[in-house]
Every structure is written in C-alpha cells, then in structure tokens.
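Read in the numbering used here, the sequence shown has 117 at position 117, and its numbers run on one by one without any break. Note that CB positions come from ideal geometry on N, CA and C, so glycine has one too. Since we're looking at a predicted model, the values are computed, not measured. Data block below; observations after.
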Amino acid sequence: KPAVGPSCLQGRGAFASYLRECVWATRHLLVLLTVQVTVAAMAMPIVPGMSTNFYANLGNGTRIDCSDYGRAGEPPTPERCSAASGHAATMNALSGAIGSAIMFVTAPSVGALADTYGRRPFLIFAQLLQTPPSCM
C-alpha cells in the first residue's frame, strides 16, 4: 500500500504520533497564528466605536466623540451619532460580505495554484500580506 503522507493526513495513528508529526511540523505557523489572533482580539472591541466616530465626523465641521454620550447621567445621544452607528454597522457588514464573496470566487483558483506550485509559497505570501495590518 503506498504511503500518502504522515499518519495525521491518513486519518490513522495514535494521538502522540499525530502531535509529533503534524502539530510539531507546523509549530512556526501556530506561533504566527497565535500572534495574529491575539492582535485581532485586542483590536475588535474598539472597532465599532472608531467606525461610529469616523462616520459621525465625516463631512461635519465640528468633531464629536460619540462614546461620550448615552451613558447614565450624561446627555442623550445626538442624532449624528445615532445615524453614524447605523451607517458604520451597514458598512462593516458590507465589507464582510464583499470579503466573503471575494474568497468564494478566488479560493478554487488559489487552491489549484497551491496544488500545482505547493502550499508553502502561498502560506508565506498570505502571512506577509497579513503582517502590515497587524502592525498598524
């Protein structure tokens, strides 16, 4: 019977063999993935407030910080902030939908290229593309 690859790719073998052959072989990718997930987890809580403030200040002469409104004992939320919150949610959803559509269209082509040229160059290229936004 021909060998297809490590036992983890064949769906057989003990758990220790799986750890040794598959997880340990990709340890450098696991470190990069951990860093990227940590950066994303730290950034995600502030994105809605930042995008709301961006849309509230877009095209207006005066700056406003929408996070100063709407808490107990503070002034009610201005109309600009309410409208900006809806606009920010719409744009964030649209951005996610466009990104998903692009992945849906390009994934088969990238998969075929990765099968032809190997997965390693594509993994390295993807990591290089994701690094600059993580550092900003």
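Residue i classed as buried or exposed, judged by whether at least 16 other C-beta atoms fall within 10 angstroms
i: K1; result: Because the pLDDT of K1 is 43, which lies under 50, any placement of that residue in the model is unreliable, and the question is left without a value.
i: Y117; result: exposed
i: V4; result: For V4, the pLDDT reaches just 46, beneath the cut-off of 50, and the residue's location in the model is therefore unreliable, although a value from the coordinates is still provided. Exposed, because fewer than 16 other Cβ atoms sit within 10 Å of the Cβ of V4.
i: A84; result: buried
i: N53; result: buried
i: L128; result: exposed
C-beta atoms of residue i and residue j nearer than 8 Å
i: A88; j: P48; result: yes
i: E74; j: D65; result: no
i: T62; j: G70; result: no
i: V110; j: F122; result: yes
Presumed contact (8 Å Cβ cut-off) between residue i and residue j, rounded CB distance
i: C81; j: A56; result: 5 Å
Limits of the alpha helix (DSSP H) - the one that residue i falls within
i: R20; result: Run containing R20: none; DSSP gives neither H nor E here.
i: T26; result: From DSSP, T26 is part of no alpha helix (DSSP H); its letter is neither H nor E.
Any C-beta of chain B under 8 Å from that of residue i
i: A89; result: You won't find chain B in this structure, because it holds only one protein chain.
Inset, instruction - Pick out the complete beta strand (DSSP E) segments inside the segment 56 to 130, 3 residues or longer, and give them in chain order. - result: none
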